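Residue numbers (our numbering), protein chains in the order written: chain L, 51 to 236; chain W, 51 to 236. This report concerns only the one structure given below.
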């Protein structure tokens with residue numbers, strides 16, 4: 051008989067830490083083979099979104115930011131957290147416009163993922179924005195300190211193929227965008 | 051004068067939750083513009099590794115697992131946590147052998163990332179394993195329930211290009227491997 055992977059049964063779920071938009075839960079889980087895991091950690095964090103933005107001159111619009119947990123100055127795709135109940139595409143357009151001052155006539159979903167499915171319950175959504183218009187109307191969050199960086203197509207592809215980008219799940223979105231744009235071929 | 055993005059100064063760091071291999075820290079941070087963030091969350095979790103495994107018949111070796119935080123049956127690359135002080139490549143080879151029962155004669159780093167640099171301080175390392183030999187000697191962790199899935203080259207590429215894989219940062223590693231193997235072209 052073919053092996054079937056089955057979900058676990060949650061017997062108890064306790065919030066052990068809760069601050070602002072983050073919760074840590076400890077769950078008592080019954081496994082299909084009868085074993086119990088106690089505790090299994092689940093981190094409850096918001097969904098987020100990122101946008102691969104391409105100007106009409108084939109430049110990629112990126113942002114440079116300090117990222118405190120990793121302690122790095124990071125070159126990354128614009129984006130941010132999705133508010134509870136907010137449509138992911140609306141959130142992505144909002145974050146793009148606020149962080150970069152660009153609007154897009156064409157805005158398409160690349161794909162969605164689970165950023166860290168063993169540990170975190172959130173989702174991430176990646177978009178491709180083209181036919182951009184610069185309005186210059188940025189609106190940063192209170193603590194945001196962001197530098198806009200435009201990278202020409204070939205330099206972006208070189209950095210992507212040399213694996214220079216190191217920000218989480220964004221690398222996959224960059225490859226998917228390059229395929230969608232015809233910059234990489236199967 | 052060109053804008054310079056600067057790091058923050060940690061004025062106080064308190065561990066507010068600690069269980070097994072996970073810690074949550076609340077930090078009081080002084081920003082370059084004089085503002086204070088209190089608290090800023092930092093999640094301390096282990097580094098991890100994943101391996102894109104290619105058989106001599108151009109099949110990709112993947113594993114199917116239940117991932118409890120997201121509540122999904124996930125098709126993903128073999129891999130796991132790196133022990134404190136362990137060499138990432140040694141960990142990746144160990145996880146690959148234990149989960150799949152394959153050894154590799156050729157084992158190369160694809161790239162390393164920060165999985166979630168605003169929130170988490172860990173790193174992830176992705177490898178490409180080729181020239182595989184099946185020993186069949188698996189060694190699962192106590193709670194691991196894993197089904198081995200071999201996917202032929204064209205089916206793998208189709209699923210990758212249709213964005214069927216949804217496990218975190220692994221999508222980027224799959225694209226990078228496909229480029230390295232000459233399955234995608236710039």
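Glycine included, C-beta positions come from ideal geometry on N, C-alpha and C. In this text, all values refer to a predicted model and were calculated from it rather than measured experimentally.
When DSSP states are grouped into helix, strand and coil, residue 188 of chain L belongs to the coil group. Chain W has no Cβ within less than 8 Å of the Cβ of residue 231 of chain L. Per the coordinates, the alpha-carbon of residue 212 of chain W lies some 10 Å from the alpha-carbon of residue 205 of chain W. Comparing alpha carbon positions, the residue from L:192, L:168, L:185 and L:60 closest to residue 115 of chain W is L:168. By the Cβ criterion, the segment 182-200 of chain L is in contact with the segment 78-92 of chain W, since at least three pairs of Cβ atoms, one from each stretch, lie closer than 8 Å. One finds 74, 91, 93 and 169 in chain L with Cβ atoms closer than 9 Å to the Cβ of residue 72 of chain W, taken in chain order. Within chain L, the residues placing a beta-carbon under 7 Å from that of residue 124 of chain W are 167, ordered along the chain. Between the alpha carbons of residue 233 of chain L and residue 91 of chain W lies a gap of roughly 38 Å. If you look at residue 225 of chain W, you'll find it in the alpha helix (DSSP H) that goes 220-230.
A residue is called buried when at least 16 other Cβ atoms come within 10 angstroms of its Cβ; residue 69 of chain L does not meet this threshold and is exposed. Judged by their CB atoms, residue 159 of chain W and residue 139 of chain W are nearer to each other than the 8 Å cut-off. Two segments are said to touch when three or more pairs of C-beta atoms, one from each, lie closer than 8 Å; by this definition the segment 65-83 of chain L does not touch the segment 100-119 of chain L. Listed as beta-bridge partners of residue 121 of chain W by DSSP are no residues whatsoever. Inclusion of residue 174 of chain W and residue 94 of chain W in the CB contact set at 8 Å is not warranted, their separation being larger than that value. Spatial neighbours of residue 107 of chain L in its own chain (CB-CB distance under 7 Å, excluding positions within 5 residues in sequence) are not present. By the C-beta density criterion, residue 172 of chain W is buried, having at least 16 other C-beta atoms within 10 angstroms. When secondary structure is reduced to three states using DSSP, residue 133 of chain W falls in the coil class, being assigned neither helix nor strand. Within chain W, no C-beta atom comes nearer than 9 Å to that of residue 202 of chain L; the closest sits roughly 15 Å away.
For residue 138 of chain W, the three-state secondary structure derived from DSSP is helix. Residue ranges of uninterrupted beta strand (DSSP E) with 3 or more members, entirely inside the segment 74-121 of chain L and ordered along the chain, are 86-94, 98-104 and 109-117. Using a CB distance cut-off of 8 Å, residue 221 of chain L counts as an interface residue toward chain W.
In terms of Cα proximity to residue 61 of chain W, the closest of W:199, W:52, W:80 and W:54 is W:80. Between the alpha carbons of residue 222 of chain W and residue 217 of chain L lies a distance of about 11 Å. If you look at residue 208 of chain L, you'll find it in the alpha helix (DSSP H) that goes 203-211. With respect to residue 99 of chain L, residue 135 of chain L sits apart: the two C-beta atoms are not nearer than 8 Å. Each of W:236, W:229, W:166 and W:64 was checked against the Cα of residue 131 of chain L, and the nearest Cα belongs to W:166. Nearest CB-CB separation between residue 235 of chain L and chain W: below the 8 Å threshold. One alpha carbon belongs to residue 141 of chain W, the other to residue 183 of chain W, and they sit about 18 Å apart.
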